[in-house]
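Heads up: the protein sequence lines correspond to chains A and B, in order. In this text, residue positions in the first sequence follow the numbering used here: the first is 19, and each later residue adds one. In this text, residue positions in the second sequence follow the numbering used here: the first is 417, and each later residue adds one.
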Amino acid sequence: MAKKLALIASKGSLDWAYPPFILASTAAALDYEVSIFFTFYGLTLLKKDLSDLKVSPLGNPAMPMPVPMPNFVQMLPGMESIATMMMKQKIASKGVASIEDLRSACIEAGVKLIACQMTVDLFDFKKTDFIDEIEFGGAATFFEFAGESDVNLFI
Amino acid sequence: MDFDKELDARNLNCPLPILRCKKGLSEIEPAKILKIMATDPGSVKDFQAFCKQTGHELLAQDEAEGVFTFYIKKRAN
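Written out as structure tokens, the structure reads:
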């Protein structure tokens, strides 16, 4: 019987978008049955338009920077956009997949994508903002597959 | 070594070589051989792990000038 993987994706920045989609697509390639539960900021990763995912150097002292950059510079208007642009260039130049590609790979491989209904209500998201290949559910839905999974990760 | 299908995963990073490999294997018959080229140094361990977990057979692997080549025989269904 196929092994099962259950993920919770709770973060919605460009950098943190990678772990759930990399792990899910790879597990699917290894014949795992995979489900991802998207909650809070993770819901952003299910939107039709992923082009506004951003990465911020603020509050992240481990982020490699081309030149040392004090916090008060990082908080200037436009710095987040610059950091995001640089990250996207780096991603492309190193042959790292885009989030769009990894998400498509997950969908193609039959990874189940579940959006947290409570978060949709909380943030007044519209269901039409999201891609079609998702289901909506709550914590009990998560445990329905997490309880019988071999690997469970919170990201 | 003889092979039935060739796949170029050079200049792609984790996990793309594995995802391409999986797709490539789905397009050939059991017991046929897929040749894959990659430049990601992490792919060496990853292809070994992929084959170990999926039951496909890693027949051979080599490296020349930074290009890793893998020959994988598709498992019987």
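All residues carry an ideal CB built from backbone N, CA and C; glycine is no exception.
Residue-chain proximity (residue 484/B, chain A), Cβ-Cβ < 8 Å:
no
Rounded to the nearest angstrom, what separates residue 477/B and residue 457/B at their Cα positions?
13 Å
Name the chain B residues whose beta carbon is nearer than 7 Å to that of residue 43/A?
431 and 435
Using the C-alpha atoms, what's the distance from residue 122/A back to residue 45/A?
14 Å
Report the start-end ranges of each alpha helix (DSSP H) in the segment 36–97 of chain A that is 4 residues or longer and not cut off at the edges.
36–47 and 89–92
Would you report the Cα separation of residue 431/B and residue 160/A, rounded to the nearest angstrom?
26 Å
Should residue 483/B be labelled buried (16 or more other beta-carbon atoms within 10 Å of its own) or exposed?
exposed
Contact criterion: CB-CB distance below 8 Å. Does residue 466/B meet it with respect to chain A?
yes
For a contact meaning CB atoms closer than 7 Å, what does residue 114/A contact in chain E?
The structure shown contains no chain E; its protein chains are A and B.
Okay, do the segment 135–145 of chain A and the segment 52–71 of chain A touch, 3+ Cβ pairs below 8 Å being the bar?
yes
Which one of 33/A, 147/A, 67/A and 155/A has the shortest CA to CA distance from residue 130/A?
155/A
Can you look up residue 124/A in the DSSP assignment and give me helix, strand or coil?
helix
Would you say residue 489/B lies against chain A (beta-carbon separation less than 8 Å)?
no
For residue 68/A, go through chain B and note every residue whose CB falls closer than 8 Å to its CB, in chain order.
Result: empty, since nearest Cβ-Cβ is about 17 Å, beyond 8 Å.
Can we say the segment 69–88 of chain A touches the segment 420–439 of chain B, given the rule of at least three CB pairs closer than 8 Å?
no
Proximal residues of chain A, C-beta to C-beta of residue 421/B below 7 Å
The premise fails here: residue 421/B is roughly 17 Å from chain A at the closest Cβ pair, so nothing lies under 7 Å.
Reducing DSSP to helix, strand and coil, say where residue 134/A ends up.
strand
What residues match up with residue 24/A in a beta bridge as DSSP calls it?
53/A and 170/A
On the CB-based measure, 16 or more other CB atoms within 10 Å of its CB, does residue 94/A come out buried or exposed?
exposed
Compute the distance between the beta-carbons of residue 84/A and residue 173/A, then report whether it is under 8 Å.
no
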